[in-house]
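Numbering (my numbering), first residue to last: 3 to 264.
Note that beta-carbon positions come from the ideal geometry of N, C-alpha and C, so glycine has one too.
Quick notes on the structure that follows.
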C-alpha cells in the first residue's frame, strides 16, 4: 500500500510519482518513445527539457558562469559539477573499491568496471559500451559527424571535450595545477600523468619482460622492441622506424639538417 503525496504508480517498475504528467514522462524510459526532435541534427529526445539543453550545443548559448574562474556553461548541472574541480569535493563513493567521484554519473559508469556491464550496443558494428555517452561518441565514427566547431579557427570536432581541449591551445589556459610542484596543465589527464613523476607510480606493465611505465603510450612504443613493429616510414628511402622521433631524426639526413649537439 502506498502512502503520502505520490498517487501515480508506474505499472512496469512500481515507481511512484506525485503528478500524472511526471508518470507519463517516466513511461518513455520503458517505451523508448522520443517525441521531441532537434530540427538541426534530427536527434530525438524523450523530454522537452533534454531537447532544450541539447539545442545549446548548436546555438553555443552558455548562461551559467563559474564565479571562481569565469568559465561559462550551457547547463546549471554542468556548472555545479565544474565547481567541484575547484573545491575538490567528491561526494560519491564506490562501495567496492572506495574510489570517490565528483559526479554520480561518473560513479555509475565506474561501477561497470567492476561488474563488466556494457548495456549500450552500436547497431552498426555491434560493439558494446558501458555508458550511452561513449556509444553516442562512437556513432560519430560511422557517421563522420563533427557537431562542435572552434569559433577561432573553424576546426570541427566529434566530441565537445575535444573542442574544449583544443580551445586551450588558443587561450593558453591551464586549469589543472600540481599540488606538489605548482606546475600547471591544460588537461586533467596530463596532470594525472605528471603526478606519477612524484609518486613513482608505473601502472602500465609489459607482458613480455615485466618492465613498467608511467604512460600507456610509452608502453606501446616499448612493445615494438618485442614485436618488431615499425609503423613509421621514410617517404624518401622507405626505411622503417618504430618511433616517430627516430623517423624525424632520420629525415635530417635527407634534408641536410644537422642534429643539435649538447
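Quick check: the segment 40 to 47 against the segment 21 to 29, are there 3 or more CB pairs under 8 Å? With the cut-off at 8 Å, the segment 40 to 47 and the segment 21 to 29 do not touch.
From residue 206 to residue 198, what does the alpha carbon distance come to, in whole angstroms? The residue given as residue 206 occupies position 204 in the chain shown. The residue given as residue 198 occupies position 196 in the chain shown. Spanning the two alpha carbons is a distance of roughly 12 Å.
Count the other CB atoms within 10 Å of the CB of residue 132; is the residue buried (16 or more) or exposed (fewer)? As a first step, residue 132 is located in the chain shown; it is residue number 130 there, counting from the start. Looking at its Cβ environment, which holds 16 or more other Cβ atoms inside 10 Å, residue 132 is buried.
With a 10 Å radius around its C-beta and 16 neighbouring C-beta atoms as the bar for buried, classify residue 251 as buried or exposed. Here residue 251 corresponds to residue number 249 of the chain shown, with the count starting at 1. Here residue 251 is exposed: its Cβ has fewer than 16 other Cβ atoms, across all protein chains shown, within 10 Å.
Between residue 204 and residue 216, how many whole angstroms is the CB-CB distance? I'm expecting something under 8 Å. Residue 204 sits at position 202 when you count from the first residue of the chain shown. Residue 216 sits at position 214 when you count from the first residue of the chain shown. Confirmed, Cβ separation roughly 5 Å.
Going by beta-carbon coordinates alone, are residue 63 and residue 76 separated by less than 8 Å? Numbered from 1 along the chain shown, position 61 holds the residue referred to as residue 63. Numbered from 1 along the chain shown, position 74 holds the residue referred to as residue 76. Against a cut-off of 8 Å, the Cβ pair of residue 76 and residue 63 comes out as a contact.
Roughly how many angstroms lie between the CA atoms of residue 3 and residue 184, to the nearest whole one? Indexing the chain shown from 1 puts residue 3 at position 1. Indexing the chain shown from 1 puts residue 184 at position 182. Low local confidence applies: a pLDDT of 44 at residue 3 is under 50, so the model's placement there is unreliable, and no value is given.
Nearest-angstrom Cα distance between residue 16 and residue 74? The sequence position of residue 16 within the chain shown is 14, counting from 1. The sequence position of residue 74 within the chain shown is 72, counting from 1. Rounded to the nearest angstrom, the two C-alpha atoms are 39 Å apart.
Separation of residue 200 from residue 176, as counted between CA atoms: In the chain shown, counting from the first residue as 1, residue 176 sits at position 174. In the chain shown, counting from the first residue as 1, residue 200 sits at position 198. When rounded, the separation of the alpha-carbon atoms in residue 176 and residue 200 is 20 Å.
Please look up how many angstroms separate the CB atoms of residue 122 and residue 106, rounded, as I've assumed it's under 8 Å. What you label residue 122 is simply residue 120 of the chain shown in a count that begins at 1. What you label residue 106 is simply residue 104 of the chain shown in a count that begins at 1. The pair is not a contact, with the Cβ atoms about 18 Å apart (cut-off 8 Å).
Between which residues of its own chain and residue 150 is the CB-CB distance below 8 Å, once the five residues before and five after are set aside? Here residue 150 refers to the residue found at position 148 when the chain shown is read from its first residue. Closer than 8 Å at Cβ, skipping near neighbours: 59, 158, 159, 160, 161, 162, 164, 165.
Residues in its own chain within less than 8 Å of residue 173 by CB, not counting five upstream and five downstream? What you label residue 173 is simply residue 171 of the chain shown in a count that begins at 1. Taking residue 173 as the centre and dropping the five residues before and after it, the same chain places no C-beta closer than 8 Å to its C-beta.
State the DSSP-derived secondary structure class of residue 193, mapped to helix, strand or coil. Start at 1 with the first residue of the chain shown, and residue 193 comes out as number 191. Helix.
Alpha-carbon to alpha-carbon, residue 8 and residue 22: The residue you call residue 22 lines up with position 20 of the chain shown. The residue you call residue 8 lines up with position 6 of the chain shown. Cα-Cα distance, rounded: 10 Å.
Helix, strand or coil for residue 245 per DSSP? Taking the chain shown and counting its residues from 1, one reaches residue 245 at position 243. In the three-state scheme derived from DSSP, where H, G and I count as helix and E and B as strand, residue 245 is classed as coil.
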